[in-house]
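Engineer:
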Amino acid sequence: MSYSDDGLTIANALTNHQVLAVSDGSLKLGLGTSAFVIEATNNPYRISGANQVPGPILPGDSHRCELAGLFAIVLTIHCVCTHHQISHGSARIACDNQQAIHLFDPEYIPDPNHRHFDLVSAILSYTRLTPIMWDAFHVKGHQDNKSTATQTLSRAAQLNIDMDRKAKQYWRHLFVHNHNPPSFDPASLPIHGEGWQLWQGDQKVINPSVNNLYSIIQDPISQNWWIRHNHIPPHLSTELDWSSSADATARLPLSKQKWALKSASANCGVGTTLVEWGYQQDAQCPRCGELESTAHVFRCRGEGANEIWTKGIHQLQVYLDNNMTNPRLSSLLVDCLSRWRNFQPISPDSFHPSTRELVQQQHLIGWQNLLEGLPTKLWRRIQHDYYSQQAIRRSSRRWIRGLLLKLHHLGYSMWKHRNDVKHKTIRPRHQRARLLLDQEIVTEYIKGTTQLLPGDHGMLRHNLATLIAKPPSFKTAWLLNITTARQRYQRIQQHDDSLCTISENTSLLLQWMRGIPP
40 MSYSDDGLTI ANALTNHQVL AVSDGSLKLG LGTSAFVIEA TNNPYRISGA NQVPGPILPG
100 DSHRCELAGL FAIVLTIHCV CTHHQISHGS ARIACDNQQA IHLFDPEYIP DPNHRHFDLV
160 SAILSYTRLT PIMWDAFHVK GHQDNKSTAT QTLSRAAQLN IDMDRKAKQY WRHLFVHNHN
220 PPSFDPASLP IHGEGWQLWQ GDQKVINPSV NNLYSIIQDP ISQNWWIRHN HIPPHLSTEL
280 DWSSSADATA RLPLSKQKWA LKSASANCGV GTTLVEWGYQ QDAQCPRCGE LESTAHVFRC
340 RGEGANEIWT KGIHQLQVYL DNNMTNPRLS SLLVDCLSRW RNFQPISPDS FHPSTRELVQ
400 QQHLIGWQNL LEGLPTKLWR RIQHDYYSQQ AIRRSSRRWI RGLLLKLHHL GYSMWKHRND
460 VKHKTIRPRH QRARLLLDQE IVTEYIKGTT QLLPGDHGML RHNLATLIAK PPSFKTAWLL
520 NITTARQRYQ RIQQHDDSLC TISENTSLLL QWMRGIPP
């Protein structure tokens, strides 16, 4: 930070309502910086500075960088007011982030659900401790990219351009002068004025909402379940992008969320589980006749399955192209999914060096797991770097969320097609089941009214031909009813026989008690 005269000029300008402050941020490769300036509008004096944004920072989350710049402004002005004992005044603050301007509303109440609750709390703390009025307004950003001459812009717009450049300069300074490039996940740090803090190990919980706290407590338990049941390798559990998986799953309807969980845990109604549950006698796939597991639903090459898969891959490719996906990621994703489905080997060494680690990690985690919503963190990281290198103003968070949703739709379309074939087409299994049902009905019909109570004789009011022509649901219900009726008749008969035996034994006992010889 640079300043002179101990901030006296700014102190006087605050009292005279002649202070303009502007900040801007920069984010690239997971490293965030911000720059700010506080100047007196009646002379060229200024206080300016730059800082590194504390973590955690999600890829593409520039909002935290904007908040870091605003925090530097309010903290510096608070220090000036405290040092020079300022009791009244005002400052105008310009920001190109409209969402951040709301923090200076006197009636604004911080919400723990806010993604950056720690910085928001710190900013609010100093705006309310400082005895001046705050006037925040929006200024359009990046106006130097337009044809408008810079000198014709407002002073706030000019300063915004200047701070954008200085934030980028400071980013380059940190990146170049550090012996080790800054971490993709910058360190979490306490922020002065934020109040109570919640930490999970060395990571600060920056938004301690109920949902977030619940996830912190329960997510490790859920993740350990997947590890114990051999769904994911234990040493790669920390490399999974759990947050993106949760983000994408939350966008699905509840019915599809349930299906995704059942499919991933191998507890949906496929052949192997239906046999285990006693609903089928064989585990054959309704499309191809092979042993059907959850993985087979995606890999099946039977009746119409290839066409559904090809259509889903085409839709996936369209999404990748429309969202400016890294070409290497796009090609390897389609290639590896196709190889996995066709039982072909996948060699990480055959891919570009920049993506080999990704292929290796995802291969160990499982391509079916990717299809069901469990990607490695490298997908998002590599795509974020590509956006940054190509100066594409897009969010890798939205990209990975959309990708996981497309993969879910691909898997679900295979499941839906399988169900359509199973339930809307008469398969050999169905024919065998219907024939067996008709045989059991004929057997019961031939028995007639024997072993039926008089009130149940009406079950035989239909002739046999009419009964056989009824729908399967009616025939199944009829067979169940008449079987139950015969069982009821047998129970009554057994009960009557027992009563006779009991009566005879009771009579003999009474005779013995009265001294009457038997």
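Quick note: the sequence shown uses my numbering, first residue 40, plus one each step. Using N, Cα and C, we set each Cβ at its ideal position, and we do this for glycine too. Bear in mind that the values here come from a model prediction, so they are computed numbers and not experimental data.
1. Between residue 265 and residue 323, what straight-line distance do the alpha-carbon atoms span, to the nearest angstrom?
2. Of the residues 245, 487, 491, 192, which one's Cα is nearest the Cα of residue 227?
3. Exposed or buried, which one is residue 505 when buried takes at least 16 other CB atoms within 10 Å?
4. Return the Cβ separation of residue 109 and residue 130 in integer angstroms, given the expectation that the two are a contact with Cβ distance under 8 Å.
5. Is any non-hydrogen atom of the ligand PLP found closer than 7 Å to the C-beta of residue 335, if you look at the structure I gave you?
6. Ends of the alpha helix (DSSP H) at residue 375?
7. Taking DSSP as the reference, what is the three-state secondary structure of residue 415?
8. According to the Cβ coordinates, are residue 410 and residue 450 closer than 8 Å?
9. Between 179, 386, 291, 404, which lies nearest to residue 62 when the distance is taken from Cα to Cα?
10. How is residue 438 classed by DSSP in three states: helix, strand or coil?
11. Taking the beta strand (DSSP E) that residue 43 belongs to, which residues open and close that run?
12. So, at 7 Å on beta carbons, what are the nonlocal neighbours of residue 210 in its own chain, with the 5 sequence-adjacent residues on each side left out?
13. Note down the Cα distance separating residue 341 from residue 321, rounded to an integer number of angstroms.
14. Please work out which residues of its chain come closer than 8 Å, Cβ to Cβ, to residue 448, disregarding the five sequence neighbours upstream and downstream, and give them in chain order.
15. Is the number of C-beta pairs between the region 402 to 422 and the region 482 to 495 that are closer than 8 Å three or more?
16. Going by alpha carbons, who is nearest to residue 446 out of 149, 174, 366, 287?
17. Taking the alpha-carbon positions, what's the residue 642 to residue 111 distance?
18. Between the Cα of residue 77 and those of 52, 234, 189, spot the shortest distance and give me the residue it belongs to.
19. Helix, strand or coil, according to DSSP, for residue 482 in the structure here?
20. Determine, using beta carbons only, whether residue 83 and residue 125 come nearer to each other than 8 Å.
21. Assuming the contact rule is C-beta atoms closer than 8 Å, residue 275 and residue 142 should be a hit. Round their C-beta distance to whole Å, please.
22. By how many angstroms is the C-alpha of residue 299 removed from the C-alpha of residue 293?
23. When the distance is taken between beta carbons, is residue 122 closer than 8 Å to residue 232?
24. When you compare the CB positions of residue 376 and residue 418, do they come within less than 8 Å of one another, or not?
25. What are the residues that DSSP puts in a beta bridge with residue 563?
26. Span of the alpha helix (DSSP H) holding residue 194?
27. On a Cα-Cα basis, can you pick out the residue from 380, 331, 509 that is closest to residue 348?
28. Does DSSP put residue 521 in a helix, a strand or coil?
29. For the region 256 to 263 and the region 158 to 175, state whether three or more C-beta atom pairs, one from each stretch, are separated by less than 8 Å.
30. If distances are taken between C-alpha atoms only, which option among 87, 100, 128 comes closest to residue 55?
Structural biologist: With the given structure in hand:
1. 27 Å
2. 245
3. exposed
4. Not quite, the Cβ-Cβ distance comes to about 12 Å (not below 8 Å), so this is no contact.
5. The model on display carries no ligand, and the ligand PLP is accordingly not part of it.
6. 366 to 380
7. strand
8. yes
9. 179
10. helix
11. Element bounds for residue 43: n/a, residue is neither H nor E.
12. 65, 67, 70, 72
13. 17 Å
14. 351, 354
15. no
16. 287
17. Residue 642 cannot be examined here, being either before or after the span of the chain that is shown, 40 to 557.
18. 52
19. helix
20. no
21. Actually they do not touch by this definition, with Cβ atoms about 40 Å apart.
22. 10 Å
23. no
24. no
25. With the chain running from 40 to 557 in the structure shown, residue 563 is simply not present.
26. 194 to 216
27. 380
28. helix
29. no
30. 128
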